[in-house]
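Undergrad: Read in the UniProt record's numbering, the sequence shown has 69 at position 69, and its numbers run on one by one without any break. Heads up, the beta-carbon is just placed ideally off N, CA and C, and yes, glycines get one too. Shown below is the structure under consideration.
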Amino acid sequence: EVYFKNLSKQKEKKVMEKNGNNHKLRVCVATCNRADYSKLAPIMFGIKAEPQFFDLDVVVLGSHLIDDYGNTYRMIEQDDFDIHTRLHTIVRGEDEAAMVESVGLALVKLPDVLNRLKPDIMIVHGDRFDALALATSAALMNIRILHIEGGEVSGTIDDSIRHAITKLAHYHVCCTRSAEQHLIAMCEDHDRILLAGCPSYDKLLSAKNKDYMSIIRMWLGEDVKTRDYIVALQHPVTTDIKHSIKMFELTLDALISFNKRTLVLFPNVDAGDKEMVRVMRKKGIEHHPNFRAVKHVPFDQFIQLVAHAGCMIGNSSCGVREVGAFGTPVINLGTRQTGRETGENVLHVRDADTQDKILHALQLQFGKQYPCSKIYGDGNAVPRILKFLKSIDLKEPLQKKFCFPPVKDNISQDIDHILETQSALAVDLGGTNLRVAIVSMKGEIVKKYTQLNPKTYEDRLELILKMCVEAASEAVNVNCRILGVGISTGGRVNPREGIVLHSTKLIQEWSSVDLRTPISDALHLPVWVDNDGNCAALAERKFGHGKGIENFVTLITGTGIGGGIVHQHELIHGSSFCAAELGHIVVSLDGPECLCGSQGCIEAYASGIALQREAKKLHDEDLLLVEGMSMKKEDIVSAAHLIQAAKLGNTKADGILRTAGTALGLGVVNILHTMNPSLVILSGVLASHYVNAVKDVINRQALSSVKTVDVVVSNLADPALLGAASLVLDYTTRRIY
C-alpha cells in the first residue's frame with residue numbers, strides 16, 4: 001500500500017513539473033445563479049480537497065446577489081468557500097434590453113477582477129447570458145476556459161449562448177455521448193473534450209437522506225405524503241416571452257384543477273420573469289392552500305423533494321436531466337428543452353396551448369415510477385474532471401485546433417405521439433377492386449374501404465378522390481394524423497413524378513396518368529406512387545420478412561406475376577422504371593402466349609389467369625371435376641377449381657400446377673444467378689402452393705453458391721396496402737426511399 005501511494009505521488013509530481021517548477025494550477029470558478037452552483041459545487045469541493053495541486057478562487061455574480069432570488073450566495077458561504085469577489089451585474093428590468101445591459105455591465109467589471117486574480121484557467125458552466133460575459137472576458141484576456149455541459153441541445157436563445165461559449169472555450173467537459181459528438185461536429189479538438197457526466201450526479205446518486213420526510217413537511221406541510229405532491233419550476237422563454245407567460249398561466253390553471261399539493265419555485269432572472277411572478281400573484285398562488293411558492297430551495301433539500309415527488313412539471317433543465325436519476329415522472333412544457341436527451345420518465349408537451357392538454361399530461365404522469373436513468377452521469381464525474389485539470393499543459397499554445405466530423409441526430413418523444421397516431425392513407429388499384437386504408441406507423445390497418453374499380457379514367461379518379469377524402473375525415477375520428485398518401489398500382493410507374501406510364505391490360509384507360517397532382521391538390525397532402533410489385537417489396541422491407549435484410553426479392557403470385565427487388569437496402573427501379581418485371585422472365589422459347597405479347601413468360605405459366613386458362617381447357621374436355629367436386633352451370637371456372645382438383649387426386653390438374661411451379665422456380669433461379677439475394681419472399685394467394693416446387697427447382701438447377709438462399713411465404717395480409725403506406729411512412733420519418 002505504501003509503495004502504491006508513493007508511486008501515485010511521483011506521478012502527480014511529474015504532472016506538476018510538466019507545468020513548471022511545481023506550479024499549482026490557479027483555478028477561478030465563477031458562479032452566476034443557484035442552478036449553475038449545483039453543478040459547480042461538486043467540482044469546487046474536489047478542487048478544495050487537493051490543495052497540493054490547485055489554488056481555488058471563487059467569483060460570485062448575477063442573481064446570487066439579488067434578494068428577490070433568495071440571496072443564494074449565502075449557500076456558497078455555508079459550504080465554507082471563501083468568496084474572493086462579489087460582482088453586482090444584474091440590470092433590473094423586464095425585457096431583453098435588461099439582459100443585454102447585464103452582459104455589458106459584467107464585461108465592464110470582470111477585467112479588473114481577472115487582472116488581480118490572474119487565473120491559469122476559468123471554469124464556466126452552461127448557457128446563461130452571465131456565463132457568456134465570463135467566457136468573453138476570459139478569452140479576450142488569454143485565460144484558458146473550461147466549459148461544463150457544452151455540446152447539449154435544448155431550445156431558445158440558450159442554444160446560441162451555449163455554442164458561443166463552446167467556441168470561446170479551450171477545454172470541454174460534456175455529460176453525454178451525443179453532446180461529445182456535437183462538440184466534435186462543431187470543430188472542437190477531440191483531445192480537449194472530456195466525457196465525464198454531469199457533476200451534480202455525483203451528489204444525486206449518493207443522496208440517501210433518511211430524514212427526507214422532514215424536508216417534505218418543511219416545504220409542503222405536515223399532511224403531505226411521498227409521491228402525492230408536485231414540484232413546478234418554469235422559466236420565461238426569452239425568444240417568445242408572450243407565449244411563455246401564457247403557457248405559465250395555463251400551467252397554473254391546470255395545477256389548480258388537478259388539486260394536488262404543489263411546490264412552485266420562482267423563475268430565473270430573465271426577460272419576462274417579473275411578469276410570471278405577477279401571474280402567480282394574480283392567481284393567488286402564494287395564498288392558495290394547495291400551493292407553496294418559494295424563491296429558493298437549497299440543492300440538498302431540492303434533491304429530496306424531486307426524488308419523492310409524484311411529478312415535476314415545467315421547463316427547467318433540471319427536469320429533463322437531474323430528476324431522471326430518481327425515476328420521478330416529469331412533464332416538460334414548451335420548447336425550452338427541445339433536443340435534450342431524456343429518459344423515459346419525461347413526457348414532452350411542446351404545444352402546451354390548452355389547459356386540457358397539460359391536465360391530460362398530469363393525469364398520464366402523476367404517481368408513476370420510472371426506472372432510474374443515468375443518461376447524464378454515473379456518479380464519477382468529479383474525479384474525471386480533476387484528473388483532466390491536472391493533465392492540462394500550460395506550456396501549450398492557446399490557439400485552438402479545429403476539425404470537421406459529422407453529428408448524429410437526436411429524437412425525443414412528444415405527447416402528440418400518444419394523443420395521435422402517425423398514419424398514412426394507402427391506395428391499392430387492382431384489376432377488380434379499388435381499396436383505400438388508414439395504416440398506422442406499426443403497420444396496423446386502422447380502417448379499410450373497398451369499391452369495384454371503375455372501367456374509365458374519369459370515374460376511377462373521381463372515386464379515388466372521394467374515398468381518400470372520406471378516409472381522411474374518418475382519420476380525425478380514429479385519432480390518426482395523416483402524413484401523406486401512398487398509391488400502389490399495376491403497370492409501369494415513374495415514382496419521381498407520380499405518373500403511371502403504361503398500365504397492364506387488367507386496368508383500362510390507365511396510361512400516362514398523373515396521379516400525384518390531382519390527389520395532392522384535393523387533399524393538401526404529399527402523394528407517392530409506385531408499381532404494386534415494388535410496393536410489396538417495400539411492405540416486406542418495413543413490416544415483413546425483409547426487415548433488416550440487405551438484399552432480397554419479393555415475387556407476387558396472384559392474378560398476374562410481379563415483384564420487387566431490394567438491393568443494399570434500396571428498391572431498384574431501373575433506368576426506365578421497368579426493373580423487377582419478374583413475371584416476364586422467359587423460361588421457355590415456345591411456351592404459352594403471355595398477355596405482354598411474348599411467349600414462355602413465368603406469368604403465362606404460373607399466374608392466376610394462366611391457371612384459370614388451363615382449368616377451362618380441362619373443364620371443356622370434361623377432365624376437371626373429380627369425386628368430391630361440384631360446379632353449378634353459372635359458376636365461372638377459376639384457378640381455385642384447378643387447385644381443388646389437384647388436391648383431390650386429379651393427375652392432369654396436378655401436372656399443370658407442377659409445370660407452373662417449375663416455371664416459377666426457373667424464374668427464381670435466373671433471379672438468384674443475376675442478383676444473388678439472400679432471401680426470396682413469395683407473396684400473394686398462390687404463394688403457399690408454389691413454395692415447395694420453387695425450393696425443389698433451386699436444389700436441382702441453381703449453382704451451389706446460391707442454393708442456400710431462404711425461400712419463404714409472406715406473412716403480410718395486405719402487402720399492396722402496407723407497401724403503399726410505407727412509401728409515405730419511410731419518407732416522412734426521414735428514412736431514405
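Taking Cβ positions, are I148 and H163 nearer each other than 9 angstroms?
TA: The count along the sequence shown starts at 1 and reaches residue 148 at position 148. The count along the sequence shown starts at 1 and reaches residue 163 at position 163. No, the Cβ-Cβ distance between I148 and H163 is not below 9 angstroms.
Undergrad: Take the Cβ of F299 as the centre, count every other Cβ of all protein chains shown within 10 Å, and call the residue buried at 16 or more, exposed below.
TA: The residue you call residue 299 lines up with position 299 of the sequence shown. Under this definition F299 is a buried residue.
Undergrad: Leaving out five residues before and five after P111 in sequence, what residues of the same chain have Cβ atoms less than 7 angstroms from its Cβ?
TA: Working through the sequence shown from its first residue, we reach residue 111 at position 111. Only S137 and M141 meet the Cβ criterion.
Undergrad: Whole-angstrom Cβ separation of R384 and L194, contact assumed at under 8 angstroms?
TA: Translated into the one-based positions of the sequence shown, residue 384 becomes position 384. Translated into the one-based positions of the sequence shown, residue 194 becomes position 194. Indeed, because the Cβ distance is near 6 angstroms, the residues count as touching under 8 angstroms.
Undergrad: In the DSSP assignment, what residue or residues form a beta bridge with G570?
TA: As a working mapping, residue 570 is identified with position 570 in the sequence shown. The amino acid at residue 570 is misidentified as Gly; the sequence shows Glu. Paired residues: H567.
Undergrad: Are the CB atoms of D514 and G491 nearer to each other than 9 angstroms?
TA: Here residue 514 refers to the residue found at position 514 of the sequence shown. Here residue 491 refers to the residue found at position 491 of the sequence shown. It is not a contact, given that the beta carbons lie outside the stated cut-off.
Undergrad: Can you check the region 19-51 for any alpha helix (DSSP H) of at least 4 residues that lies completely inside it and give the ranges in chain order?
TA: Listed in chain order, they are 34-48.
Undergrad: Which of the three DSSP states is assigned to M280 in this structure?
TA: Looking up residue 280 in the sequence shown gives position 280. Three-state DSSP puts M280 in a helix.
Undergrad: Taking Cβ positions, are K295 and D68 nearer each other than 9 angstroms?
TA: Numbered from 1 along the sequence shown, position 295 holds the residue referred to as residue 295. Numbered from 1 along the sequence shown, position 68 holds the residue referred to as residue 68. For K295 and D68, yes; Cβs fall inside 9 angstroms.
Undergrad: Taking 8 angstroms as the limit between beta carbons, can you name the residues of its chain near N21, skipping five residues before and five after?
TA: One-based indexing of the sequence shown puts residue 21 at position 21. Note that N21 scores a pLDDT of 46, beneath 50, so its modelled location is shaky; the value from the coordinates is reported in the next line. Nothing listed; no residue qualifies.
Undergrad: Mind checking which residues open and close the beta strand (DSSP E) that includes H348?
TA: The count along the sequence shown starts at 1 and reaches residue 348 at position 348. Counting along the chain, the beta strand (DSSP E) containing H348 begins and ends at V346 to V349.
Undergrad: What residue range does the beta strand (DSSP E) around I145 cover?
TA: In the sequence shown, the residue the question calls residue 145 occupies position 145. Per DSSP, I145 belongs to the beta strand (DSSP E) from R144 to I148.
Undergrad: Which of the three DSSP states, helix, strand or coil, is assigned to A307?
TA: Sequence index remark: in the sequence shown, residue 307 carries index 307 (1-based). A307 falls in the helix class under three-state DSSP.
Undergrad: What first and last residue would you give for the alpha helix (DSSP H) that runs through T85?
TA: Residue 85 sits at position 85 when you count from the first residue of the sequence shown. Element bounds for T85: not the alpha helix (DSSP H) but the beta strand (DSSP E), I83 to L87.
Undergrad: Am I right that P199 and A381 are in contact with their C-beta atoms under 8 angstroms? What's the rounded C-beta distance?
TA: Indexing the sequence shown from 1 puts residue 199 at position 199. Indexing the sequence shown from 1 puts residue 381 at position 381. At roughly 5 angstroms, the Cβ-Cβ gap stays under 8 angstroms, so P199 and A381 are in contact.
Undergrad: Let's test the definition: count the other Cβ atoms within 10 Å of the Cβ of N115 and tell me whether it reaches 16, buried, or not, exposed.
TA: Along the sequence shown, one-based indexing puts residue 115 at 115. With fewer than 16 Cβ atoms within 10 Å of its Cβ, N115 is classed as exposed.
Undergrad: Ignore the nearest five residues each way along the sequence and tell me which others in S440's own chain have a CB closer than 8 angstroms to its CB.
TA: Along the sequence shown, read from residue 1 onward, the residue named residue 440 stands at position 440. Around S440: T421, Q422, S423, V446 and C480.
Undergrad: For R261, which residues does DSSP report across the bridge?
TA: By 1-based counting over the sequence shown, the position of residue 261 is 261. Paired residue(s): Y229.
Undergrad: Work out the CA separation of Y731 and S607 for me, nearest whole Å.
TA: Position 607 of the sequence shown, counted from the first residue, corresponds to residue 607. Position 731 of the sequence shown, counted from the first residue, corresponds to residue 731. Distance between the alpha carbons of S607 and Y731 is about 32 angstroms.
Undergrad: Which value, in whole angstroms, describes the spacing of the CA atoms of D718 and S576?
TA: What you label residue 718 is simply residue 718 of the sequence shown in a count that begins at 1. What you label residue 576 is simply residue 576 of the sequence shown in a count that begins at 1. The straight-line gap from Cα to Cα measures roughly 27 angstroms.
Undergrad: Per DSSP, what kind of secondary structure is C601 in: helix, strand or coil?
TA: Here residue 601 refers to the residue found at position 601 of the sequence shown. If DSSP states are grouped into helix, strand and coil, C601 belongs with the strands.
Undergrad: What does the alpha-carbon distance come out to for the pair S412 and T338?
TA: Translated into positions along the sequence shown, residue 412 becomes position 412. Translated into positions along the sequence shown, residue 338 becomes position 338. Reliability fails at S412, whose pLDDT of 49 lies under 50, so the model's placement of it is uncertain and the value that follows must be treated cautiously. Spanning the two alpha carbons is a distance of roughly 8 angstroms.
Undergrad: What residue does the alpha helix (DSSP H) around A717 start on, and which one ends it?
TA: Position 717 of the sequence shown, counting from 1, holds the residue named residue 717. Premise fails: A717 is in no alpha helix (DSSP H) and is neither H nor E.
Undergrad: Could you tell me whether the Cβ atoms of residue 755 and G562 are closer together than 9 angstroms?
TA: The structure shown does not extend to residue 755, since the chain spans only 1 to 737, so no value can be given for it.
Undergrad: Is the region 542-557 close to the region 500-511, with three or more CB pairs under 8 angstroms?
TA: Flag = no, the region 542-557 and the region 500-511 do not touch.
Undergrad: Entirely within the region 161-205 and at least 4 residues each: give me those alpha helix (DSSP H) ranges in chain order.
TA: Within the region 161-205, the complete alpha helix (DSSP H) runs of at least 4 residues are 177-185 and 199-204.
Undergrad: Helix, strand or coil for F366 per DSSP?
TA: On the sequence shown, position 366 is the one that residue 366 refers to. In this structure, F366 counts as coil in the three-state DSSP scheme.
Undergrad: With a cut-off of 8 angstroms on the beta carbons, I'd call R336 and H235 a contact; round off their distance for me.
TA: As a position in the sequence shown, residue 336 is number 336, starting the count at 1. As a position in the sequence shown, residue 235 is number 235, starting the count at 1. Going by Cβ atoms, the distance from R336 to H235 rounds to 7 angstroms, so yes, they are a contact pair.
Undergrad: How is G562 classed by DSSP in three states: helix, strand or coil?
TA: As a first step, residue 562 is located in the sequence shown; it is residue number 562 there, counting from the start. Strand.
Undergrad: So for E614, helix, strand or coil by DSSP?
TA: As a working note, residue 614 is residue 614 in the sequence shown. Of the three classes helix, strand and coil, the one that applies to E614 here is helix, per DSSP.
Undergrad: Among L61, A307, Y212 and G334, which one has its Cα closest to the Cα of G327?
TA: Along the sequence shown, read from residue 1 onward, the residue named residue 327 stands at position 327. Of the listed residues, the one whose Cα sits closest to G327 is A307.
Undergrad: Pick helix, strand or coil for Q301, following the three-state DSSP scheme.
TA: As a working note, residue 301 is residue 301 in the sequence shown. It is helical.
Undergrad: CB-CB under 6 angstroms to H573, same chain, minus the five flanking residues each way: which ones, in chain order?
TA: Here residue 573 refers to the residue found at position 573 of the sequence shown. Correct list, in chain order: A579.
Undergrad: Check whether the Cβ atoms of C32 and D130 sit closer than 9 angstroms, and answer yes or no.
TA: Here residue 32 refers to the residue found at position 32 when the sequence shown is read from its first residue. Here residue 130 refers to the residue found at position 130 when the sequence shown is read from its first residue. A contact, by the Cβ cut-off of 9 angstroms.
Undergrad: Between which two residues does the alpha helix (DSSP H) carrying G665 extend?
TA: To locate residue 665, count along the sequence shown from 1; it is residue 665. Where G665 is concerned, the enclosing alpha helix (DSSP H) stretches over T651 to M675.
Undergrad: Can you tell me the Cβ-Cβ gap for T238 and A271, rounded? I've got them flagged as a contact below 8 angstroms.
TA: Position 238 of the sequence shown, counted from the first residue, corresponds to residue 238. Position 271 of the sequence shown, counted from the first residue, corresponds to residue 271. The Cβ separation is near 5 angstroms, so the contact holds.
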